[in-house]
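In what follows, a structure is listed as structure tokens, so that the remarks can point back to it.
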Amino acid sequence: MSEVTTARGMPVIALTAAAMIAFAANSLLCRFALAADLIDPGAFTAVRLLSGAVVLYAILRSARRADRLAGSWGGAAALFVYAAAFSYAYVSLSAGTGALLLFGAVQITMIGVGLWRGERFTAIQSLGFVIAIVGLAVLLAPGVSAPSTVGALLMLLAGSAWGAYSLLGRGVADPLASTCGNFIRAAPAALLLFLPMIAGVEHAEASGLVSAILSGALASGVGYAVWYAALAGLSSAQGASVQLSVPVITALAGTVVLGETLTTRLILTSCAVLGGVAVVIASRGRISHALSEPDQ
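Count along the sequence shown from 1, then add 71; that gives the number in our numbering.
See the structure below:
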């Protein structure tokens, strides 16, 4: 991956790094806006999905591919559930904890579906899978530093929905066109989330709206476009493995940007979850392609 370039001549390592930062930025922007009560989660979700749809469509139009709009209603439903649960979860979760729960749920969902469909693990893969699940269980176990139960369950739902979204889109001819189509299909449901704000039940300050727009337009829209460009120069296993960096980037950035604390529990469970998934990815074959889809 060191000197490989895409068809457009961009270094794969630069594109990959930019995509991972974009994925981490989604958690940071959402947590920043909701922790400071700058916007309500419903409004954040709506603005994120709508701005993402606009930017993705603009990218397709600029590439003269707008006529190839794809996607499905099932994918759009999974996308909406992911985005909504993601926002409501970050009302009470730190950026690092949320990213780890999201990542763990995405990967375990996709690996679990593979097992359900008949894939067989080696002993070392089974061990890695068990370690990852135990890591999540320890993170969620009661204790002083345990995350909010409601927030954790919502983020696990978000991760499961994104795992389903990735599986539904596996093998599509044009991932970017499919993602754009799903964002556009999710737009009507996103618009409904504005109703509480119009009724005065929810609120949104200018800085909160800006955060949601950045999350949708840059971290999601541009971030996904950059990721698909990077995938052209990555193997499936590399695409899956590099995503292990997202929860780490998010947790470290959360300490610097948001002033969050890295707890011993989060550090240890991160090692277990990310290490366990890494063991599975490193020695697997058939499911690795599915894991190369974006997780944020």
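All C-beta atoms in this analysis are idealised placements derived from N, C-alpha and C, irrespective of residue type, glycine included. All of these numbers come straight from a predicted model, not from anything done at the bench.
Quick one: using the 10 Å Cβ neighbour count with 16 as the cut-off for buried, is residue i buried or exposed?
| i | result |
| --- | --- |
| SER278 | exposed |
| GLU74 | Reliability of the predicted coordinates at GLU74 is poor, the pLDDT of 46 falling under 50, and the value obtained from them is presented with this limitation in mind. Flag for GLU74 reads exposed. |
| GLY287 | buried |
| LEU337 | buried |
| GLY214 | exposed |
| LEU266 | exposed |
| LEU339 | exposed |
| GLY142 | buried |
| VAL221 | exposed |
| GLY19 | Nothing about residue 19 can be reported from this structure: the residues present for the chain run from 72 to 367 only. |
| ALA107 | exposed |
| ARG341 | The displayed chain sequence assigns Ser, not Arg, to residue 341. Classification of SER341: buried, given that the 10 Å Cβ count is 16 or more. |
Apart from the five residues just before and just after residue i, which ones in its own chain have a Cβ nearer than 8 Å to its Cβ?
| i | result |
| --- | --- |
| SER282 | LEU100, CYS101, PHE103, ALA104, LEU109, ILE110, PHE115 |
| VAL297 | LEU86, ALA89, ALA90, ALA93 |
Nearest to residue i by CA position, among the options, is which residue?
| i | options | result |
| --- | --- | --- |
| LEU323 | PRO82, ALA96, PHE192 | ALA96 |
| ALA170 | VAL350, LEU339, VAL317, GLY330 | VAL317 |
| ALA353 | ALA208, ALA217, SER197, TRP144 | SER197 |
| LEU289 | ILE84, ILE92, GLY230 | ILE92 |
| ALA257 | PHE157, ALA124, VAL209, VAL351 | ALA124 |
| ILE130 | LEU150, LEU264, PHE265, TYR295 | TYR295 |
| VAL209 | LEU172, ARG188, ILE84 | LEU172 |
| ALA374 | ALA303, LEU227, LEU302 | Given a span of 72 to 367 for the chain in the structure shown, any question on residue 374 remains unanswerable. |
| LEU263 | GLY189, PHE94, LEU120 | LEU120 |
| PRO259 | LEU140, ALA106, LEU150, LEU305 | LEU150 |
Measure the CB-CB distance between residue i and residue j and report whether it falls below 8 Å.
| i | j | result |
| --- | --- | --- |
| GLY310 | TYR236 | no |
| THR321 | ALA166 | yes |
| PHE200 | GLY347 | yes |
| VAL344 | LEU207 | yes |
| CYS232 | VAL293 | Correcting the residue type first, residue 232 is Ala in the shown sequence and not Cys. No. Outside cutoff. |
| ALA148 | ALA229 | no |
Short of 7 Å in beta carbon distance, which residues of its chain neighbour residue i, apart from the five on each side in sequence? Order them along the chain.
| i | result |
| --- | --- |
| ALA275 | ILE110, ASP111, ALA114, MET268 |
| CYS284 | The residue you asked about is not Cys; residue 284 is Ile in the sequence shown. So the list reads VAL118, SER122, once near-sequence residues are dropped. |
| VAL205 | ALA343 |
| VAL381 | With the chain covering only 72 through 367, there is no way to say anything about residue 381. |
| VAL328 | LEU99 |
| VAL162 | LEU105, PRO112, GLY222 |
| TRP187 | none |
| LEU280 | ILE110, VAL118 |
| ALA154 | THR116, ARG119, LEU120 |
In chain order, what residues of the same chain have a beta carbon less than 6 Å from the beta carbon of residue i, not counting five sequence neighbours either side?
| i | result |
| --- | --- |
| VAL313 | THR87 |
| LEU211 | ALA223 |
| LEU178 | Looking at the sequence provided, one finds Gln at residue 178 rather than Leu. VAL348, listed in sequence order. |
| PRO218 | LEU164, THR168 |
| THR373 | In the structure displayed, the chain extends from 72 to 367; residue 373 sits before or after that span and is not available. |
| VAL126 | ALA288, GLY292 |
| LEU225 | ALA156, TYR159, ALA160 |
| ALA301 | VAL83, LEU86, THR87, ALA90 |
| TYR299 | PRO246, LEU247 |
| ILE202 | ALA343, GLY347 |
| TYR128 | CYS251 |
| ALA261 | ALA117, LEU120, LEU121 |
Is the Cβ of residue i closer than 8 Å to any Cβ of chain B?
| i | result |
| --- | --- |
| LEU262 | Note that chain B does not occur in the displayed structure, where there is just one protein chain. |
Quick check: the segment 227-245 against the segment 135-153, are at least 3 beta-carbon pairs closer than 8 Å?
yes
Touching or not, the segment 252-262 and the segment 180-194, by the rule of three or more beta carbon pairs under 8 Å?
no
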